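What follows is a single structure, written as structure tokens, with notes after it.
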Amino acid sequence: MIGSWTVSDAARVLRRPTAADDKYSRGVLGVRTGSDGYPGAAVLGVEAAWRTGVGMVRYLGPSVPTSLVLQRRPETVAAPGRVQAWLIGSGTDATSRSDAETEALRGILGADLPVVVDAGALDLAAGGTAPMIVTPHGREHARLRAQLGLAEDFPATDAERSASALETAAALGATVVLKGAVTIVASASGWATTVSAGTPWLATAGTGDVLAGAIGAVLAGAGAGADLAAVASTGVWLHGRAGSLAAEGLGDQGGPITALDVAAALPRAVGEALSAG
468 MIGSWTVSDA ARVLRRPTAA DDKYSRGVLG VRTGSDGYPG AAVLGVEAAW
518 RTGVGMVRYL GPSVPTSLVL QRRPETVAAP GRVQAWLIGS GTDATSRSDA
568 ETEALRGILG ADLPVVVDAG ALDLAAGGTA PMIVTPHGRE HARLRAQLGL
618 AEDFPATDAE RSASALETAA ALGATVVLKG AVTIVASASG WATTVSAGTP
668 WLATAGTGDV LAGAIGAVLA GAGAGADLAA VASTGVWLHG RAGSLAAEGL
718 GDQGGPITAL DVAAALPRAV GEALSAG
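Be aware that the sequence shown starts at 468, since it is given in the working numbering, and climbs by one per residue.
Printed below as a string of structure tokens:
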């Protein structure tokens, strides 16, 4: 039975800024997400990254999501430049992706910087050589396994899901975040942990985009040589705790929340983790 990631574990990964920090030393996350059809994913991922704590978010995307991102978060930089990590794929569709965008994503996946690979970029992960954290839900995980020549399974129990995620991680040479009510984080080295979502109210549109942004922010701030599985587990814990905090504010039994509600609660979740450390 694999263990569960805790607030104390998350505290060891997060770094409290000091007086010596600037926006670059705190981490710059490059974000290449969203599309004209699904612009909200870009807004949610960028919002989550800022709320989790990062020195700068550099957003590069189509015109419609760029406009919405800047309306929501005008501190975002919408121009190319230096980054320490990438988030790609949220709110995009591989079937309608242009050749130029495919080439740009392959360039990111073939470089040295760590990358969070979500949603519409998962089809390119099998060809990537960069340090990667992939974030599939069950159906996406099955498709990814088929690409890798593995059995296209749909495991039911957490033990079966863990075994499947570990096999995928080993074949891909990356960290796998298999999303669910209990999320499995598995590394290529054979390590795995579980992270509870905290509240079933998290099962709503857009929360996966928030999760990807949170993981991306932790990754950008973690620095070179960071343990990607620990980074991913911490991002998942923060996301789950933020969902619980947002729901708990609506009564003893919780209440309906939106993805932006989860993003808004991320600073409290970060604060709890830092206090635990």
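For every residue, glycine included, the Cβ atom is placed at its ideal position computed from N, Cα and C. Please read these numbers as outputs of a predicted model, since none were measured by experiment.
Using only alpha-carbon positions, find the residue among the options that is nearest to residue i.
i, options, result
"G605", "T559, D694, G595 and A623", "A623"
"A487", "A740, G522 and A659", "G522"
"A653", "A672, P734, T674 and V601", "V601"
"V474", "G721, G707 and L576", "G707"
"V737", "G470, P484 and L576", "P484"
"L695", "R564, V677, S656 and D676", "S656"
"D489", "G688, V536 and D620", "G688"
"T650", "G673, S629, L535 and A636", "S629"
"A552", "R525, R573 and R564", "R525"
"G556", "S534, G721 and D590", "D590"
"D476", "R735, A691, G721 and V662", "V662"
"R735", "A709, Q614, T725 and Q720", "A709"
Between residue i and residue j, is the Cβ-Cβ spacing less than 9 Å?
i, j, result
"G702", "L686", "yes"
"L527", "R499", "yes"
"A679", "R518", "no"
"E638", "G616", "Correcting the residue identity first, residue 638 is Ala in this sequence and not Glu. Taking 9 Å as the Cβ cut-off, A638 and G616 qualify as a contacting pair."
"W704", "A648", "no"
"P581", "P598", "yes"
"R539", "E514", "yes"
"V583", "L554", "yes"
"L481", "G744", "yes"
"G577", "A641", "no"
"V677", "V643", "no"
"P532", "V510", "yes"
"A508", "G558", "yes"
"T635", "S700", "no"
"G675", "A592", "no"
"R493", "G520", "yes"
"L496", "A684", "yes"
"A632", "L645", "yes"
"A681", "L733", "yes"
"T725", "G690", "no"
"F621", "A613", "no"
Just list the residues that DSSP pairs residue i with in beta bridges.
i, result
"T650", "V662"
"Y526", "V498"
"I600", "V583 and T642"
"S700", "None; S700 has no bridge partner."
"S631", "Its beta-bridge partners do not exist; DSSP assigns none."
"S471", "T661"
With 9 Å as the threshold, decide whether the Cβ of residue i is near any Cβ in chain B.
i, result
"P484", "Looking for chain B here will not work: only one protein chain is present."
Check whether the Cβ of residue i sits closer than 8 Å to any heavy atom of the ligand ADP, and report yes or no.
i, result
"V583", "Ligands in the displayed structure: none, and consequently the ligand ADP is not present."
At what residue ranges does the stretch 513-565 contain a whole run of the beta strand (DSSP E), taking only runs of 3 or more? Fully contained in the stretch 513-565 are the following beta strand (DSSP E) runs of length 3 or more, in chain order: 523-526 and 552-555.
At least 3 beta-carbon pairs within less than 8 Å: the stretch 543-558 vs the stretch 712-719: No contact exists between the stretch 543-558 and the stretch 712-719.
With three or more C-beta pairs closer than 8 Å as the rule, is the stretch 493-508 touching the stretch 657-668? The stretch 657-668 vs the stretch 493-508: no contact.
Which ranges would you report for the alpha helix (DSSP H) in the stretch 699-743 if only whole runs of at least 4 residues count? Segments of the alpha helix (DSSP H) lying fully in the stretch 699-743: 726-743.
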